[in-house]
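First up is the structure itself, then whatever we jot down about it.
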Amino acid sequence: MENNFDAIILGGGLAGLTLSMQLRRQNPDIRVLVLEKRDGAAPDAAHKVGESTVELATHYLREVLGLKDYLDTHQLPKHGLRFFFPAKGKNEIHHRVELGPKRLLPVPSHQLDRGILENDLIKFSIDLGNEVVMGAKVEDVALGNPSHTVTYSVDGEKVTRTARWVVDATGRGSFMKRKLGFAQTIDHDVSSVWFRVDWKIDIDTWTDDAKWHSHVEPGLRFLSTVHLMDAGYWVWIIPLVGDRTSVGIVADQAIHPFETYNKLEKALDWIATNEPQLSRELKAMEGKGNILDFKVMKHFAHGSGELYSTDRWSVVGEAGLFADPFYSPGSDFISMANTLTADLIQRDLKGEDILFRTKFYCEVTRALYDNWMPIYIGQYPLWGKAQIMVAKIFWDWGAYWSINTLLFTNNGLTDLDLLRKLTAGPTSLLRKYGELSRQMQRLFKDWLPYDNAEIADRYTDPFDLGFLRGFQEDIVEKQFDRDELLEKFDANLAILEKVAAETYRLASNQAYGTPMDLEVDPYTMSLNGDPRSASPNSMVLGRDAYIADEMRHMWIYPYPEEVMA
Ligand SMILES: Cc1cc2nc3c(=O)[nH]c(=O)nc-3n(C[C@H](O)[C@H](O)[C@H](O)COP(=O)(O)OP(=O)(O)OC[C@H]3O[C@@H](n4cnc5c(N)ncnc54)[C@H](O)[C@@H]3O)c2cc1C
14 MENNFDAIIL
24 GGGLAGLTLS
34 MQLRRQNPDI
44 RVLVLEKRDG
54 AAPDAAHKVG
64 ESTVELATHY
74 LREVLGLKDY
84 LDTHQLPKHG
94 LRFFFPAKGK
104 NEIHHRVELG
114 PKRLLPVPSH
124 QLDRGILEND
134 LIKFSIDLGN
144 EVVMGAKVED
154 VALGNPSHTV
164 TYSVDGEKVT
174 RTARWVVDAT
184 GRGSFMKRKL
194 GFAQTIDHDV
204 SSVWFRVDWK
214 IDIDTWTDDA
224 KWHSHVEPGL
234 RFLSTVHLMD
244 AGYWVWIIPL
254 VGDRTSVGIV
264 ADQAIHPFET
274 YNKLEKALDW
284 IATNEPQLSR
294 ELKAMEGKGN
304 ILDFKVMKHF
314 AHGSGELYST
324 DRWSVVGEAG
334 LFADPFYSPG
344 SDFISMANTL
354 TADLIQRDLK
364 GEDILFRTKF
374 YCEVTRALYD
384 NWMPIYIGQY
394 PLWGKAQIMV
404 AKIFWDWGAY
414 WSINTLLFTN
424 NGLTDLDLLR
434 KLTAGPTSLL
444 RKYGELSRQM
454 QRLFKDWLPY
464 DNAEIADRYT
474 DPFDLGFLRG
484 FQEDIVEKQF
494 DRDELLEKFD
504 ANLAILEKVA
514 AETYRLASNQ
524 AYGTPMDLEV
534 DPYTMSLNGD
544 PRSASPNSMV
554 LGRDAYIADE
564 MRHMWIYPYP
574 EEVMA
């Protein structure tokens, strides 16, 4: 093996292997070494979590890495995220408020068996010309100039290799964080346990209710990532290839202490108490099916003081930042950090001065992450409130598709001129977007005391809202040039502002009976009477007939005008 590489990637999990492929696809001459401490193949089904992909990561895997055919052939297609809120004791799925798509979605996504995927990614990376060493435990990294030196052990022997770049993709091993001490804690005390079963859990078999079955095209519910929701928790059910299923509990420590579900028996008891229908499924299979594994992760959110260093190293995947698995954004953050890292490496190898770009990429990643965290922090108490959650999920998806995903799928994340335009000054698009997002997350929290009626037997599909459908279609149907993209972002933000104002009208009507023709400033609106600070983006919005009409689809209570009539 040669000694001097362009890049050494520490850790051959999802982040490290995909980065190695991306680098080589961009530049067939680049010399990349991946060091993975696991010796031998990963097991099928019971390997790692991170099984459900959403739009941004799907684009990365299918288009950037060229894995479209592989994913269509070897992994399961996914039919969106699907949520069930509590109703009538959670005993019958057809009584629960359901949110999820009824027809095939414009943007494909996947349910990944991580063991099968990682084994295949190793082959793909080697086929592209990378060197991947298994059983290689990284012991030390000495940062230097012009090369860094990496020491690893394999079969009891110490080996040293040098490289211009080092990328930490060791997941929660967090090699560089530990070495240089830049770990950051995040005040979001949520934990998880999960297990895989060797049979197919298909919620379609949980009820014979004909009306409920008629809501969704046959067979599609099974392919969704199912979320069973109530105050302080969600339980996932994810189908895997080979008729196996992943099941996980994710819960807020303040409402469901980790100690109440952190062992398999306790978790099964917890499920019996909180999700009786899933418990019946598990009990019915006792003696017939097997539980394949049981894993725990306490307080999973973590930050990172460093991301991309001007000294030619970076952290990607869970070695960097991790927020929360709700909405499955883990592989999105991998896609973004890998894309920024790959861009810096390729430019540096071509001799470009990347100092400014490196710092700018750190700022952009932090801004995206800081906008993302309020989606979760302090929001778990809302998880059982059907109306707030329908409004929140529709909002979070709309924002994610119309800004974050569009930016990524149109190669905007590495377009410095575009990013400058989007971030320059307090009234720039991404600043406004961040401010509006924070306002909305506050609104959802302030709404909590007022959303108390129990609603049952309701179904809602986000794609019944024309603007949400349009946001998703834009991701696949067109590549925008820079000017078109800027125009598109402006138009999308204008829609989001109107959606924010209309959501406020609905919440305020529910809380205080205020009229639906209220004029609203989405940047300073406040539901709890606590005035928000003045904003340079302040505006007064009257009611928009189109948005109001579309948003009737998301209102699961009797619609306000009918109530007031
Ligand atoms: C409860 C939960 C649910 C989740 N669900 C989803 C989901 O549905 N969808 C999604 O996209 N994401 C999800 N995620 C996030 C997802 O799991 C992670 O984003 C992803 O697995 C991180 O991949 P990675 O490559 O960074 O780390 P890993 O997959 O952990 O890979 C790191 C690799 O580095 C190796 N390594 C460690 N130390 C060393 C060393 N010293 N030397 C050499 N090798 C080393 C390890 O063996 C490992 O193979 C979830 C996360 C949690 C906590």
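Heads up, the sequence shown stops at 578 in our numbering, and the numbers go up one at a time, no gaps.
Cβ coordinates follow ideal geometry from the N, Cα and C atoms, glycine included.
To the nearest angstrom, how far is the alpha carbon of residue i from that of residue j?
i: Lys101; j: Ala469; result: 7 angstroms
i: Ala578; j: Thr427; result: Reliability fails at Ala578, whose pLDDT of 44 lies under 50, so the model's placement of it is uncertain and the value that follows must be treated cautiously. Their backbone Cα atoms lie some 53 angstroms apart in a straight line.
i: Met310; j: Gln392; result: 20 angstroms
i: His226; j: Gly364; result: 60 angstroms
i: Tyr559; j: Asp361; result: 49 angstroms
i: Asn465; j: Leu395; result: 11 angstroms
i: Arg109; j: Met402; result: 13 angstroms
i: Pro114; j: Ile22; result: 39 angstroms
i: Val163; j: Gly184; result: 17 angstroms
i: Leu456; j: Leu499; result: 28 angstroms
i: Thr352; j: Gly79; result: 14 angstroms
i: Arg116; j: Gly245; result: 30 angstroms
i: Gly447; j: Asn384; result: 6 angstroms
i: Leu506; j: Asp562; result: 19 angstroms
i: Tyr572; j: Leu368; result: 54 angstroms
i: Thr31; j: Lys458; result: 37 angstroms
i: Asp474; j: Met567; result: 8 angstroms
i: Glu294; j: Trp247; result: 17 angstroms
i: Pro387; j: Ile251; result: 25 angstroms
i: Leu442; j: Ile216; result: 42 angstroms
i: Lys279; j: Ile304; result: 14 angstroms
i: Gly300; j: Lys445; result: 56 angstroms
i: Leu46; j: Glu144; result: 5 angstroms
Determine which residues share a DSSP beta bridge with residue i and list them.
i: Leu89; result: Gln124
i: Lys308; result: Trp207
i: Pro252; result: Thr258
i: Val151; result: Tyr165
i: Asn17; result: Thr175
i: Tyr274; result: Answer by DSSP bridge pairing: none, since Tyr274 is not bridged.
i: Ala264; result: Ser204, Tyr246
i: Leu291; result: Per DSSP, none; premise fails for Leu291.
i: Pro315; result: For the record, residue 315 in the displayed sequence is His; it is not Pro. Bridge partners of His315: Thr198, Phe335.
i: Thr238; result: Leu94
Do residue i and ligand 1 come close, with the Cβ less than 8 angstroms from some heavy atom?
i: Ile401; result: no
i: Glu64; result: yes
i: Phe18; result: no
i: Phe96; result: no
i: Lys50; result: yes
i: Arg75; result: no
i: Glu319; result: no
i: Asp345; result: yes
i: Lys61; result: yes
i: Gly330; result: yes
i: Lys171; result: no
i: Thr378; result: no
i: Glu299; result: no
i: Ser415; result: no
i: Leu23; result: yes
i: Lys192; result: no
i: Phe335; result: yes
i: Pro342; result: yes
i: Trp249; result: yes
i: Pro338; result: yes
i: Met310; result: yes
i: Leu70; result: The question names Leu, but residue 70 is Ala in the sequence shown. Ala70 Cβ: within cutoff of ligand 1.
i: Arg185; result: yes
i: Ala28; result: yes
i: Thr86; result: no
i: Ala182; result: yes
i: Ser539; result: no
i: Lys136; result: no
With a threshold of 9 angstroms between beta carbons, is residue i in contact with chain B?
i: His226; result: Structure shown: chain B not included; a single protein chain is present.
Secondary structure, alpha helix (DSSP H): runs of 4+ residues fully inside the region 169 to 210: 188 to 193
Ranges of the alpha helix (DSSP H) found wholly within the region 539 to 572, counting only runs of at least 4: 558 to 564
Inside the region 478 to 541 only - alpha helix (DSSP H) runs reaching at least 4 residues: 479 to 490, 495 to 525
Length at least 4, wholly inside the region 335 to 417: the alpha helix (DSSP H) runs in chain order: 343 to 362, 368 to 385, 399 to 412
Complete alpha helix (DSSP H) runs within the region 427 to 481 (minimum length 4 residues, chain order): 429 to 436, 442 to 460
Runs of alpha helix (DSSP H) lying entirely within the region 49 to 107, each at least 4 residues, in chain order: 68 to 72, 81 to 87
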